[in-house]
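Numbering (the UniProt record's numbering), first residue to last: 1 to 95.
C-beta: ideal position from N, C-alpha, C; glycine also.
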Amino acid sequence: MPMVRFRLIGNRADADAVIATVHGIDGIEHVEEIDDLIPGMRDDSSSSESVSDSEGQVYSIEVDTPNDQLADTVRGSAEVIANDRDAGIEFVDEF
């Protein structure tokens, strides 16, 4: 079964919209947001003072698909929703 993996750069609402859209595709049974394996450390030092909390976050998402055709559908749908929401999307082979 092909696995589609992508990183979404945006806010929580963007990630939820893409996940809901992909999960709604007929034949898709499993969509999972993967926890950050190395979470970024945020401290209150001067190096992080200029970083805004409102900037986009990175969400790692993987989707199990039963075949290559449905994997292509997932990629296309995720890309359309991300673009509609002005979020970034990057398809990857592994996280």
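Do residue 7 and residue 58 have their C-beta atoms within less than 8 Å of each other? yes
Could you check if residue 63 is buried or exposed, using at least 16 other CB atoms within 10 Å of its CB as the buried criterion? buried
Can you give me the C-alpha to C-alpha distance between residue 10 and residue 35, rounded to a whole angstrom? 15 Å
Taking only three categories from DSSP, how would you classify residue 85? coil
Beta-carbon within less than 7 Å of residue 23's beta-carbon, same chain only, minus the 5 sequence neighbours each way: which residues are those? 31
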